[in-house]
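Residue numbers (this note's numbering), protein chains in the order written: chain X, 3 to 440; chain Z, 3 to 440; chain V, 3 to 440; chain A, 3 to 440.
Here the structure comes first, spelled out in structure tokens, and everything after it is commentary.
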């Protein structure tokens, strides 16, 4: 975790106090169910919840001090709780293993992190939607291979981004379900010393599903699927970030990251306004993506469990979710405030002297009876002049002056082929497919 | 693709002839719809389908020869088809781009590959299910950290594998839906020269969903999600493969890959029977996993599209699906024929002199009124003797001879704590959670 | 391996016949040394070499047929050789294991592959060098963040690429040394049944170093280092490919991949000339990079060896080297034939109205006694006008007309600050650092 | 960075104060050289160094507060220094860019981190060496595929580990040289406003090499090579960690991680002593390995530079070096204190009833004139009985009782083939190859 790429709400999920609170709730819920089953006295559960009602502060330092001696984090915590609650606390943790607590806690943390990420994605989707509507019909050149291809609208560019993040949102909902499970199944997961109904009870209280079969640990294919999903989302962030970086290039300059009035891009060069936020996002995407690899390697634990996954998760649990949360928020801000320059888009569209319409003229000539070969030759000989003039000449004017062309098409017909709006007749169709209606 | 790790049905999907057949179907369906819309004559579509009815062979070499000159694979193909069909073929491909054909074809190929993979997974699940039922109550030692922990059953080990692959199957169904989309939207995806209803028609004919917004290409976050899912499945294959490799270790030998009667593990050492199939699967899992990375890097194409994804997909499209198909089939065979040795499992279970029951004695002593500290001390002093004897002494016998212990628990009560069946009382509960009922 | 991304010399290294030839040479050299040691009769070695002198064809199909029965590739090969050579062949392979042959063969193959790759890099370096000298003083705008920064030369861009590939070459030399080792140490590597001098002899004959300690297999950290090095080289290929893709963008167009006279970028749009080769290279770089991951995971073999590395190497051995060989050759061709447009570079340099010189004016004003704050204000107020005019106004002209500026600097002094050559005074220094002298 | 996997000396390198101190030194050295060149007055350099002589505390909070306003870390730092030093500080940073400071600082940090890592590796090598000598002749079974193969010694296992880490050390020395370069070349790296001799001077003062050609940034292929090297080292750590995990398995138990006297493996089961340290190292290795991927993706910066590498390096710079430092130290401790059980090794060696010697009997029979087929049959029929008895029968005794065998070999000859020492005759040869002599 890099502090400058972290926001407090997400960071809080991963702090020791938050973790200990989840530990307590798992233990207290389990004790309650054990009491209902008659395995332990009701007084044991009551004592825990009574203390909890007092909203006690968790003394992280005291627990750490115990762990330093005991070398066991869960036992250290239980000891500390017992000191606070008194002898009735001895009924906690009956028949459970540390992993029951640790893995279920990770499930709660990742589920909460996912909820924040889903909020982030909703905000991002809203920002993209707003800007897409704003520029639904703003003409801009579509580019394949970085080369001018045919016209599109800036709204369509954003519609694609919306659809992509909408898919990412659905993937995240599915990924959240992957990891939101509760396991309270005891050593090697046989429920030998704890009834399965305890697991069901705790799961319900924590808003988790029951893990159908655990082996002391929750199986790590779930986490592999989860972090792989974050990697896909990061890649989509990278795509939009790269798009904006391209648009801000000096020669293109169709959009720019917002600069605050007093901000300086460079101490020496007043013209420097760099897309540093989206470059920064590009790097963050690389990191989030990389966290999928160790998560995938974590799957093949030995037999019922080993603990090699644990050190990995101490890194990627916080790092992947905190960084993704930051990245989504940063991207939302970038989209929200993006400076968009329709005039420059039009200027770029026009800079090729109308070459972007060459395909339509070609089709019109063939429909007017010219053979395809001939039509291609006619268009090409004029297009090449425009190309060689670097867009100083106009394709339309040259065509109008070409007798072989005008033998097939009238000036009015030719002009019609240079109508930008032709390209936009299905913009509404696409918007209707992509955006929520109503 | 490594030929020895390839099976014909999957390989066939990726062969040139199969690809060209899909190309033709896309073109012919699109032409049919264009004819229905009145954009091209019905005779154009009819000519294509009439020719197709003759079940013509695709002359891959002839098409390749054209491509060598034209340097454009789709145009080469269209030219060749036109030669076969005659002049009516000129109505093909109206308003379409090559990407419409190429990306939709990849969708069909990956969807078909997924169908084979789903069949593979069904076979694997069936094999695991059968062996799990067979060994539902076969006692075996559960191991955490590679160290004996508490008893479980071999059926439970397989139940975990079943649940894991069942999740993988659901993930694959979702991943198949990710990539099974059709895009026929023309240059930069605006439908400027082709009606969206053509896309809808072709999609329906090919069993695909409509891509809501394409930008000449189908967005690659879909493929990133797809290949990441294959990576997760590969990791689950690795987990089961590693489990079997562990079980076959000389000192463990609770299970073995099947050896055909005449097979030799080593020309020199008759005792050598190596888990080479699961080791082989471990390596294949590493490969399939690695293909997720370039798929994730493919997402951030430039603007409406660049073609950097293409060379990646020429590798990983075939390699990931062919290798996973092979790996699933190999694993199914391994599970199906796995030699399972219950006697050895029992022997290993017993080799620690009953130490695996120490926790139950501890709990029983505390329930009989001994303080926890004292109970631990009593169990430990006997357990340590067993441990030091490397399991030659019996914990039960030592406890029966320990007067402080027998002051709290009768011999019969002690014997009850060494009852293996105690650990298996919830095996049916777990099986009911995991396996399909009925 | 994708055939279209493969060249014959590299592919040949990985073909069965080539592999069998190396197998034979290892066996024959080892038999020779065993004969010299008196372990086997000299006639045994002589019979092998006599047969080899006849330049016999390797009957791959016959060997494959044997392997199908024996399920052991090395034994199948030895049997086939024995049939050709006669009874004297029985002295082959004394005290050796299959791994001795297989691992040493992989070393020979990777060393040969490295030699081809080094030739590729030499060709690439020569091409870059030639073009760098050609454009040593061709002015072009340097860009940070995709934004115009300060002038540089196109030669300097290429000098950086040269230095980078020169480092890559040195890394490849080191990586080749990593994997060019010979192990002939028998089962679990103890030399129990074969004298270490055999290993030394064979190593010398094959141009390999002796593996100091093998454990039946050559340790895979060597291969991990090797394939990681290829990944770094691939990333450098990607860097230069991305640079060219940027330069070819429509709005930039300072360089273009060569187009053959008859080539068409698009059937419809004559202006389309796409950087497809460098996009293709970008994708190939992603693949080569990804192969490092399974190579790294191969390191942790179990105990003295398992065979999980083998299936990985059947993929990445050929795929990484063949693809990198192709990519280096393709990049060399791209660089060699790159269309470079100095006029367009100059035009782009000038398009900001001289803003790229603002830093020098700022420094000159401060050196002339203006406070830094004041100087910044003076430059900025003129620079902003130029910026807002999109480069239509000239910074020099505005400064000359600004009385506060001219109070500090004369017109001649101002003009001097707009001298491009100022930026190039150390071009030769850098060239002398980078390029081989003499 | 996970605090529990961090050691103070390495962490200190990455703390803000350490970074700012390097920044100051770069600026002060550069100012000194500029003074020597006559570009700035000597008083400028003197003022800086005079202040530095007072060993001033770096007020990180004050600098942070400035950055919050200025949004530029280097300017914030320079302002703060100027406040401390007074007006003479205005001569700092003349002609330099922020990247000159930042990239050279990263070089210093990575070089220092490498020095710590080299010390770590020396300690690890020393520990392995000591234990290897201690067990140079301790017999143990060599295992291929996890299956007993032939005898080796525990010292040889450790000799392999030594050789592997010795290679890793050499790789790290090379990787350190990759990143230990200094760039002070100004905007886009042309030295337009700063003389190359300043770079040379600062490089020498900081113990760095001169970067031959930078483009405002040091090229990131260097860092890709560096972090890839750390990934290889991590994989070698994983290999030794996995070996120890295998050796500690209950059924093997040939070695164990050290347990302190009072330590408890489990609150319930006194027999539980888990290899948690090496499992923990396995997970850390996965993390360090994963950091190579974003480092490789960082290479292809746009044009002269973008800043996407920066956010990646804020993660992996500290995380990779801190975690590797911790992992090397932890592994050193594990090796140093490893509990090694020669008796158990011997017991495991013997558990197969002498089967591990079957190859030697086979060879002896053939040398005694028995055909290979017959010899194999004779050995196999006795070996199979041993195998089926799970090692309760003795191969030697059975052979002695087999008349067909004794017709060829005397009992004494047979006994000779069961001599363990036969396998160890080249142990010294291998040790001489691997370990430093003297």
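All residues carry an ideal CB built from backbone N, CA and C; glycine is no exception.
- Taking a C-beta distance under 8 Å as the contact criterion, residue 180 of chain A and residue 114 of chain A do not qualify as a contact pair.
- DSSP places residue 318 of chain V inside the alpha helix (DSSP H), whose first and last residues are 310–339.
- Taking 8 Å as the threshold, the shortest C-beta distance from residue 157 of chain V to chain Z does not fall below it.
- Contact check between the region 232–246 of chain X and the region 138–153 of chain X: fewer than three CB pairs, one atom from each, fall below 8 Å, which does not count as touching.
- Beta-bridge partners assigned by DSSP to residue 146 of chain A: V:307, A:149.
- Counting other Cβ atoms within 10 Å of its Cβ, residue 379 of chain V stays below 16 and is therefore classed as exposed.
- Segment contact: the region 107–127 of chain V against the region 149–158 of chain A, fewer than three CB-CB distances shorter than 8 Å; contact not assigned.
- In summary, residue 39 of chain A is exposed, with fewer than 16 beta-carbon neighbours lying within 10 Å of its beta-carbon over all protein chains present.
- Within chain X, no C-beta atom comes nearer than 9 Å to that of residue 89 of chain A; the closest sits roughly 18 Å away.
- A straight-line Cα-Cα distance of about 49 Å links residue 246 of chain A and residue 308 of chain Z.
- Taking 8 Å as the cut-off, the Cβ atoms of residue 285 of chain A and residue 100 of chain X do not count as close.
- In this structure the region 282–299 of chain V does not touch the region 415–434 of chain Z; the number of beta carbon pairs closer than 8 Å is below three.
- Sixteen is the threshold: when 16 or more other Cβ atoms of the shown chains lie within 10 Å of the Cβ of residue 292 of chain X, as they do, the residue is buried.
- Counting the other Cβ atoms within 10 Å of the Cβ of residue 175 of chain A gives fewer than 16, which makes it exposed.
- Annotation: residue 405 of chain X to residue 54 of chain Z spans about 43 Å, alpha carbon to alpha carbon.
- Interface annotation, residue 295 of chain Z: in contact with chain V, CB-CB separation under 8 Å.
- A direct Cα-to-Cα measurement between residue 35 of chain Z and residue 3 of chain Z gives close to 37 Å.
- Under the criterion of beta carbons closer than 8 Å, residue 331 of chain V and residue 357 of chain V do not qualify as touching, at roughly 41 Å.
- Residue 317 of chain X belongs to the set of residues whose beta carbon lies under 8 Å from a beta carbon in chain A.
- Within the region 144–155 of chain Z, the residues whose Cβ lies closer than 7 Å to some Cβ of chain X are 144, 145, 146, 147, 148, 151, 152, 154, listed in chain order.
- Around residue 221 of chain X, the beta-carbon contacts reaching into chain Z at under 9 Å are 162, 165, 166, 169, 238, 241.
- Counting only runs of 3+ residues, no beta strand (DSSP E) is found wholly inside the region 100–133 of chain V.
- Residue state for residue 212 of chain X is assigned as strand, using DSSP reduced to three classes.
- Taking a C-beta distance under 8 Å as the contact criterion, residue 432 of chain A and residue 219 of chain V do not qualify as a contact pair.
- When secondary structure is reduced to three states using DSSP, residue 284 of chain V falls in the helix class.
- Under the Cβ distance rule, residue 253 of chain X counts among the residues neighbouring chain V, one pair being separated by less than 8 Å.
- Under the Cβ distance rule, residue 350 of chain V counts among the residues neighbouring chain X, one pair being separated by less than 8 Å.
- Between residue 254 of chain X and residue 258 of chain V, the gap from beta carbon to beta carbon reaches 8 Å or more.
- In this structure, X:59 is the residue among X:8, X:49, X:43, X:59 with its C-alpha nearest to the C-alpha of residue 23 of chain X.
- Counting along the chain, no alpha helix (DSSP H) covers residue 254 of chain Z, and no H or E run does either.
- Contacts with chain Z at 8 Å (Cβ-Cβ) include residue 247 of chain A.
- The residue from X:326, X:26, X:204, X:311 with its alpha-carbon nearest to that of residue 222 of chain X is X:311.
- Nearest CB-CB separation between residue 394 of chain V and chain X: not below the 8 Å threshold.
- Taking CB atoms only, residue 205 of chain Z has no neighbour in chain X less than 8 Å away.
- Taking 8 Å as the cut-off, the Cβ atoms of residue 403 of chain X and residue 370 of chain X do not count as close.
- Between the region 197–211 of chain A and the region 116–128 of chain V there are fewer than three inter-stretch CB-CB distances shorter than 8 Å, so the stretches are not counted as touching.
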